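Residue numbers (full-length UniProt numbering), protein chains in the order written: chain A, 1 to 169; chain B, 1 to 169.
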DNA sequence: GCTGAAATATCCTGGTG
DNA sequence: CACCAGGATATTTCAGC
């Protein structure tokens with residue numbers, strides 16, 4: 001039983017990572033085109049992608065929407081502070097507020113962080129009121145997003161390699 | 001010249017929204033299947049989707065990845081405070097740090113907010129150091145993500161209708 | 001926006017190193 | 001065990017209406 005025993009699952013090789021990168025950039029390209037990019041046949045690509053899906057690495061394929069073009073001109077991050085019991089259930093508590101696009105529970109100064117969209121300042125106020133109405137222990141800090149310079153940047157092989165170096169030094 | 005003049009672009013109708021919802025849930029389904037869901041023929045679906053793409057409503061199709069399954073066990077939000085000139089260029093300044101997945105410039109208590117991933121606490125420390133090295137005026141608050149209860153929740157027609165009510169009351 | 005045909009892509013089976 | 005090759009099936013795309 002040597003070190004390789006623990007590495008019996010060779011994790012993901014370079015081609016898997018290339019497929020991940022390509023699919024993060026454009027999820028609708030066909031297996032044939034992906035195969036051209038990673039130098040593999042279409043069925044081989046299909047098999048690898050299926051493995052990545054089954055392993056839970058790829059969790060789905062989603063269309064990216066620009067909320068501004070649908071009239072949601074305002075995006076804001078809302079920092080939440082609340083008591084323990086309320087925090088623990090933040091997810092359930094905001095599920096009824098569709099303007100809340102992201103919801104994360106945090107360890108640190110803030111209990112949770114929400115990302116919300118709104119069509120106007122009046123609408124944002126309305127959303128904030130609905131959040132505050134959840135529980136009296138909640139207090140919020142609202143920060144308007146001026147610009148989103150990066151969003152959902154793809155995980156890349158280059159990044160993984162750099163991380164390896166950090167681990168090893 | 002009546003009110004309808006300004007509404008000459010009928011914005012997006014119910015079927016467009018249904019297509020958007022379907023594509024946010026699964027970007028890989030074919031036009032035929034989409035057509036079945038919204039009660040339209042495949043070519044009609046293709047044309048609407050193309051219009052949504054050209055209007056910038058749909059900005060792309062991306063595979064959703066679970067960073068944990070690739071060894072990135074840690075996710076953190078980093079609040080940034082820095083001087084005006086530095087803030088204005090946050091996007092460019094962090095572009096060289098691939099662990100920074102999201103970067104938003106904010107109006108309010110914090111100047112910017114980053115979402116980062118890391119493989120370990122040591123790796124997170126390394127990322128933080130690289131961020132601090134950008135400029136001496138930067139100070140940070142790091143918040144570890146305990147749980148992501150919602151991420152990129154889809155924009156829905158129901159939501160749009162509710163917002164309309166807010167505007168009108 | 002619908003129908004029908006041509007081109008293309010996907011999926012499945014089998015075969016090879 | 002992973003990859004490639006081929007044919008059956010389904011999908012996209014472009015005509016014409």
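Every residue, glycine too, gets a C-beta built ideally from N, C-alpha and C. Bear in mind that the values here come from a model prediction, so they are computed numbers and not experimental data.
Supposed contact pair residue j and residue i - C-beta distance, whole angstroms, cut 8 Å
| i | j | result |
| --- | --- | --- |
| residue 76/B | residue 146/B | Not really, about 10 Å apart at Cβ, beyond 8 Å. |
| residue 138/B | residue 131/B | 7 Å |
| residue 117/B | residue 74/B | 7 Å |
| residue 149/B | residue 87/A | Actually they are not in contact, since the Cβ atoms of residue 149/B and residue 87/A sit about 11 Å apart, beyond 8 Å. |
| residue 16/A | residue 48/A | 6 Å |
| residue 65/B | residue 20/A | 6 Å |
| residue 128/B | residue 140/B | 7 Å |
| residue 119/A | residue 167/B | 7 Å |
Contacts of residue i in chain B (Cβ-Cβ under 8 Å)
| i | result |
| --- | --- |
| residue 35/A | Residues of chain B passing the Cβ test: none, with the nearest at roughly 16 Å. |
| residue 26/A | 60, 61 and 62 |
| residue 86/A | Here the premise fails: no neighbours, minimum Cβ distance about 13 Å. |
| residue 80/A | The premise fails here: residue 80/A is roughly 11 Å from chain B at the closest Cβ pair, so nothing lies under 8 Å. |
Neighbour list for residue i in chain A, Cβ cutoff strictly below 9 Å
| i | result |
| --- | --- |
| residue 116/B | By Cβ distance, chain A contributes nothing, its closest Cβ being about 10 Å from residue 116/B, past 9 Å. |
| residue 123/B | 163, 166 and 167 |
| residue 120/B | 163, 166 and 167 |
Contact list for residue i against chain B, beta-carbon separation under 9 Å
| i | result |
| --- | --- |
| residue 132/A | Simply none; closest approach about 16 Å. |
| residue 138/A | None at all; the shortest Cβ gap to chain B is about 15 Å. |
Counted within 10 angstroms of its Cβ, other Cβ atoms place residue i as buried (16 or more) or exposed
| i | result |
| --- | --- |
| residue 32/A | exposed |
| residue 126/B | buried |
| residue 176/A | Absent from the model: residue 176/A. The displayed extent of chain A is 1 to 169, so no value can be given. |
| residue 13/A | exposed |
| residue 155/B | buried |
| residue 70/B | buried |
| residue 101/A | buried |
| residue 165/B | exposed |
| residue 163/A | buried |
| residue 2/A | A caution first: residue 2/A carries a pLDDT of 41, below 50, which makes its placement in the model unreliable, though a value can still be read off. Residue 2/A is exposed by the Cβ-count criterion. |
Under 8 Å by beta carbon: chain A residues contacting residue i
| i | result |
| --- | --- |
| residue 144/B | 106, 107 and 108 |
| residue 141/B | 108 and 109 |
| residue 147/B | 91, 104 and 105 |
Per-residue contacts from residue i into chain A (C-beta, under 7 Å)
| i | result |
| --- | --- |
| residue 151/B | 102 |
Interface residues of chain B facing residue i [CB-CB closer than 7 Å]
| i | result |
| --- | --- |
| residue 69/A | 55, 56 and 57 |
| residue 129/A | Result: empty, since nearest Cβ-Cβ is about 10 Å, beyond 7 Å. |
query: Using a beta-carbon distance cut-off of less than 8 Å, what residues from the stretch 88-108 of chain A approach chain B?
result: So the list reads 90, 91, 92, 94, 95, 98, 99, 100, 101, 102, 103, 104, 105, 106, 107 and 108, given in the order they occur along the chain.
query: Using a beta-carbon distance cut-off of less than 9 Å, what residues from the stretch 154-166 of chain A approach chain B?
result: Under the 9 Å Cβ criterion, the stretch 154-166 of chain A contributes 154, 155, 156, 158, 159, 160, 162, 163, 164 and 166.
message: For the stretch 30-63 of chain B, list every residue whose C-beta sits within 8 Å of some C-beta in chain A, in sequence order.
response: Close to chain A, meaning a Cβ-Cβ distance shorter than 8 Å, are the following residues of the stretch 30-63 of chain B: 55, 56, 57, 58, 59, 60, 61, 62 and 63.
query: Are the stretch 78-90 of chain A and the stretch 110-119 of chain A touching by the rule of at least three beta carbon pairs closer than 8 Å?
result: Yes: the two stretches touch, three or more of their Cβ pairs being nearer than 8 Å.
message: Below 8 Å, how does it come out for the stretch 88-96 of chain A and the stretch 48-58 of chain A: are there three or more Cβ pairs, yes or no?
response: No, the stretch 88-96 of chain A is not in contact with the stretch 48-58 of chain A.
query: At a cut of 8 Å, does the stretch 32-41 of chain B reach the stretch 59-78 of chain B through at least three beta carbon pairs?
result: The stretch 32-41 of chain B is not in contact with the stretch 59-78 of chain B.
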